[in-house]
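Chemist:
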Amino acid sequence: MKGVLLAGGKGTRLRPITHTGPKQLVPVANKPVIQYAIEDLKAAGITDIGVVLGNKGREAIRNYLGDGADFGVDITYIVQGDPLGLAHAVGCAREFVDGDDFVVYLGDNMLKQGISALVESFERGQYDAGIALQSVAEPEQFGVADVDGNGDVTRLVEKPDEPPSDLALIGVYVFSPVVFDAIERLEPSWRGEYEITEAIGTLLDEGRAIDSLVIEGWWKDTGKPADVLEANRLVLDDRRDETPPIDIESDAETTGYLDVHDAATIEEGAVVRGPVSIGADTTIEAGAYVGPYTSIGPNSTLRNVHIENSVIVGDSSIATDGKIVDSLIGRGTSIGSADGLLPEGRRLVVGENSNLDL
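With the numbering used here applied, the sequence shown corresponds to residues 61 to 418, in that order.
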């Protein structure tokens, strides 16, 4: 079985962060989102992976992933170009798939459970597709599946006014090669895209068996700043009971789970309360407070600031007496002080290479 990892799209909901880089490389707990997908594929025994690229951030993704050797996989790059829908992106992988069954994984999705159970369920039966589902509170906002007592899909509906169930499609699929013929027969939807749900619906209309698996644990689409922060919180929360990678040798006040790179420094007089993740060559200076659910990327310096429940991508300097919470701060940002000009407790979404006084 092969893997097809979709890494196109413009990332409009993550602007300004994505003005200068692809959404799939936004870090969660100091690891790019796309790397979690690759690790899930590898854990399911899938090491031959095609990465479908759009026009946005193509070279940055290539530079980060390389040939896949650093991650224990073999990566082939497939250029989609303009994003014309998920089905179009999948169709671009036909030559790479070359007649094999394959998993499709959206490169900005994250799953606590991984995908091994979905792959195993598909392989146990005689299916032409398998879809990952999760129970959601507002199914009318999603593609929704109706399933029978065996978990086989009987109907798919896109954003229905009256959902037949609360089981939403979450962006991970398994297909046999017959899906490519269904994709070729598609017409663009009302939004001008080729929809993967319509391709699966075509398979259903042809009487083909579609498997499903309800995913346990959390799932996040990291398409918006709030989603990145929530994914960061979930990943760090899952690590709270783990043994930290290194012992912290510092006279600073530290508590909780600390994932601190051995090239990072926490100075005496700083306060760090986990769970947190701190990247290489980052310094937490005296007077800084780093609160729970914060990830600080490499080559950064924090001075005096109170920060919590936030993600700093990296290469940043933050030296303010202010309080920063629930914030996503892009690479190369400099934040200073402007005492008395703004209220405390600001919520920020800051693009790369910004200069602010707080």
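Note that the Cβ used here is the ideal one computed from N, Cα and C, for glycine as well.
I'd like the span of the alpha helix (DSSP H) that includes Lys102, first residue to last.
Modeler: By 1-based counting over the sequence shown, the position of residue 102 is 42. Looking at the DSSP string, the run of the alpha helix (DSSP H) that includes Lys102 is 93–103.
Chemist: Taking buried to mean at least 16 other C-beta atoms within 10 Å of its own C-beta, is Val64 buried or exposed?
Modeler: For the purposes of this step, residue 64 is identified with residue 4 of the sequence shown, where counting begins at 1. So Val64 counts as buried.
Chemist: Count the other C-beta atoms from every protein chain shown that fall within 10 angstroms of the C-beta of Asp134, then say buried if there are 16 or more, exposed otherwise.
Modeler: Here residue 134 refers to the residue found at position 74 of the sequence shown. Classification of Asp134: exposed, given that the 10 Å Cβ count is below 16.
Chemist: Using beta-carbon positions only, say whether Tyr254 and Ala147 come within less than 8 Å of one another.
Modeler: Residue numbering aside, residue 254 sits at position 194 when the sequence shown is read from its first letter. Residue numbering aside, residue 147 sits at position 87 when the sequence shown is read from its first letter. Yes, Cβ-Cβ distance for Tyr254 and Ala147 is below 8 Å.
Chemist: Quick check on this structure: which residue in Pro224, Ala323, Tyr353, His321 has the alpha carbon closest to the alpha carbon of Arg333?
Modeler: Within the sequence shown, residue 333 is the residue found at index 273, counting from 1. Here the closest residue by C-alpha is Tyr353.
Chemist: Quick check on Ala348: buried or exposed, where buried means 16 or more other Cβ atoms within 10 Å of its Cβ?
Modeler: Here residue 348 refers to the residue found at position 288 of the sequence shown. With 16 or more other CB atoms across the displayed protein chains lying within 10 angstroms of its CB, Ala348 is buried.
Chemist: Measure the CB-CB distance between Leu85 and Ile94 and report whether it falls below 8 Å.
Modeler: To locate residue 85, count along the sequence shown from 1; it is residue 25. To locate residue 94, count along the sequence shown from 1; it is residue 34. Yes, these two residues count as a Cβ contact at 8 Å.
Chemist: Are Tyr317 and Arg293 touching if we call contact CB-CB under 8 Å?
Modeler: Translated into positions along the sequence shown, residue 317 becomes position 257. Translated into positions along the sequence shown, residue 293 becomes position 233. No.
Chemist: For the alpha helix (DSSP H) that Phe240 lies in, which residues bound it at each end?
Modeler: Here the question's residue 240 lines up with position 180 in the sequence shown. Phe240: member of the alpha helix (DSSP H) spanning 239–244, first to last residue.
Chemist: Go through its chain and collect everything with a Cβ distance to Val421's Cβ below 6 Å, but skip five positions before and after it.
Modeler: No statement about residue 421 is possible, as the shown extent of the chain runs from 61 to 418 and does not include it.
Chemist: If you follow the beta strand (DSSP E) that Ser394 is part of, which residue opens it and which one closes it?
Modeler: Numbered from 1 along the sequence shown, position 334 holds the residue referred to as residue 394. Annotation for Ser394: the continuous beta strand (DSSP E) segment containing it runs 394–396.
Chemist: Is Gly71 helix, strand or coil when you go by DSSP?
Modeler: Locating residue 71 in the sequence shown gives position 11, where the first residue counts as 1. Caution is warranted here: a pLDDT of 49 is assigned to Gly71, below 50, making its placement in the model unreliable, and no coordinate value can be reported.
Chemist: Examine the Cβ distances between the region 199–213 and the region 123–130 and report whether three or more of them are shorter than 8 Å.
Modeler: no
Chemist: Between the C-alpha atoms of Val385 and Ala286, what's the straight-line distance to the nearest angstrom?
Modeler: Counted from its first residue, the sequence shown places residue 385 at position 325. Counted from its first residue, the sequence shown places residue 286 at position 226. Cα-Cα distance, rounded: 12 Å.
Chemist: Beta carbon of Ser355, beta carbon of Ser337: below 8 Å?
Modeler: Position 295 of the sequence shown, counted from the start, is the residue given in the question as residue 355. Position 277 of the sequence shown, counted from the start, is the residue given in the question as residue 337. Yes. Within cutoff.
Chemist: If you draw a straight line from the alpha carbon of Gly68 to that of Ser387, how long is it in whole angstroms?
Modeler: Residue numbering aside, residue 68 sits at position 8 when the sequence shown is read from its first letter. Residue numbering aside, residue 387 sits at position 327 when the sequence shown is read from its first letter. Taking the straight line joining both Cα atoms gives about 25 Å.
Chemist: Assign Lys62 to one of two classes, buried (16 or more other C-beta atoms within 10 Å of its C-beta) or exposed (fewer than that).
Modeler: On the sequence shown, residue 62 is found 2 positions in, with the first residue counted as 1. Per the 10 Å Cβ criterion, buried.
Chemist: Would Arg363 be called buried (16 or more neighbouring beta carbons within 10 Å of its own) or exposed?
Modeler: Counting from one through the sequence shown, the residue named residue 363 turns up at place 303. Buried is the call here.
Chemist: Can you tell which of Leu263, Glu258, Ile191 has its C-alpha closest to the C-alpha of Ala228?
Modeler: Mapped onto the sequence shown, residue 228 falls at position 168. Comparing Cα positions, the closest option is Ile191.
Chemist: Can you tell which of Asn369, Pro358, Val234 has the C-alpha that lies nearest to the C-alpha of Thr393?
Modeler: Working through the sequence shown from its first residue, we reach residue 393 at position 333. Ranking Asn369, Pro358, Val234 by Cα distance to Thr393 puts Pro358 first.
Chemist: Within 10 angstroms of its Cβ, does Ser195 collect 16 or more other Cβ (buried), or is it exposed?
Modeler: Taking the first residue of the sequence shown as 1, we reach residue 195 at position 135. Answer is exposed; the Cβ neighbour count stays below 16.
Chemist: Is it right to say Trp250 is buried, meaning 16 or more other beta carbons lie within 10 angstroms of its own, or is it exposed?
Modeler: Here residue 250 corresponds to residue number 190 of the sequence shown, with the count starting at 1. Counting every other CB atom within 10 Å of its CB across the protein chains shown gives Trp250 a total below 16, marking it as exposed.
Chemist: Please work out which residues of its chain come closer than 6 Å, Cβ to Cβ, to Thr257, disregarding the five sequence neighbours upstream and downstream, and give them in chain order.
Modeler: Mapped onto the sequence shown, residue 257 falls at position 197. Counting only Cβ-Cβ distances below 6 Å, and skipping sequence neighbours, we find Gly203, Leu216, Glu218.
Chemist: Measure from the alpha carbon of His366 to the alpha carbon of each residue in Val373, Asp381, Ser360, Ile372, then state which is nearest.
Modeler: Taking the first residue of the sequence shown as position 1, residue 366 is located at position 306. The shortest C-alpha separation from His366 is found at Asp381.
Chemist: Leaving out five residues before and five after Pro335 in sequence, what residues of the same chain have Cβ atoms less than 7 Å from its Cβ?
Modeler: As a working mapping, residue 335 is identified with position 275 in the sequence shown. Same-chain partners within the cutoff: Leu296, Asp297, Arg299, Arg300, Gly316, Tyr317, Pro352, Tyr353.
Chemist: Go to Val150, then tell me how far its alpha helix (DSSP H) extends in each direction, as first and last residue.
Modeler: The residue you call residue 150 lines up with position 90 of the sequence shown. Element bounds for Val150: 146–151.
Chemist: Distance check for His321 and Val232, CA to CA, integer angstroms please.
Modeler: Within the sequence shown, residue 232 is the residue found at index 172, counting from 1. Within the sequence shown, residue 321 is the residue found at index 261, counting from 1. Distance between the alpha carbons of Val232 and His321: 32 Å.
Chemist: Could I get the ranges of all uninterrupted alpha helix (DSSP H) runs contained in the region 233–304, with 4 residues as the minimum, in chain order?
Modeler: 239–244, 256–265, 285–298
Chemist: What are the boundary residues of the beta strand (DSSP E) that Ser337 is part of?
Modeler: Numbered from 1 along the sequence shown, position 277 holds the residue referred to as residue 337. Boundaries of the beta strand (DSSP E) around Ser337: 336–338.
Chemist: Since Tyr165 is in the beta strand (DSSP E), which residue starts that stretch and which ends it?
Modeler: On the sequence shown, position 105 is the one that residue 165 refers to. Segment 162–166, the beta strand (DSSP E) holding Tyr165.
Chemist: Taking a contact to mean a Cβ-Cβ separation below 8 Å, would you say Gly339 touches Gly374 in this structure?
Modeler: By 1-based counting over the sequence shown, the position of residue 339 is 279. By 1-based counting over the sequence shown, the position of residue 374 is 314. Yes.
Chemist: Bridge partners of Arg215, per DSSP?
Modeler: One-based indexing of the sequence shown puts residue 215 at position 155. Paired residue(s): Asp206.
Chemist: Would you report the Cα separation of Ile270 and Gly159, rounded to the nearest angstrom?
Modeler: By one-based count along the sequence shown, residue 270 stands at place 210. By one-based count along the sequence shown, residue 159 stands at place 99. Cα-Cα distance, rounded: 18 Å.
Chemist: Measure the alpha-carbon distance for Val213 versus Gly267 and round it to whole angstroms.
Modeler: Locating residue 213 in the sequence shown gives position 153, where the first residue counts as 1. Locating residue 267 in the sequence shown gives position 207, where the first residue counts as 1. In a straight line, the C-alpha of Val213 is about 11 Å away from that of Gly267.
Chemist: Excluding the five sequence neighbours on either side, which residues of its own chain have a C-beta within less than 7 Å of the C-beta of Arg245, listed in chain order?
Modeler: Reading the sequence shown from its first residue, position 185 is the one you call residue 245. So the qualifying residues of the chain are Thr262.
Chemist: Would DSSP call Tyr124 helix, strand or coil?
Modeler: If you number the sequence shown from 1, residue 124 lands on position 64. Tyr124 falls in the helix class under three-state DSSP.
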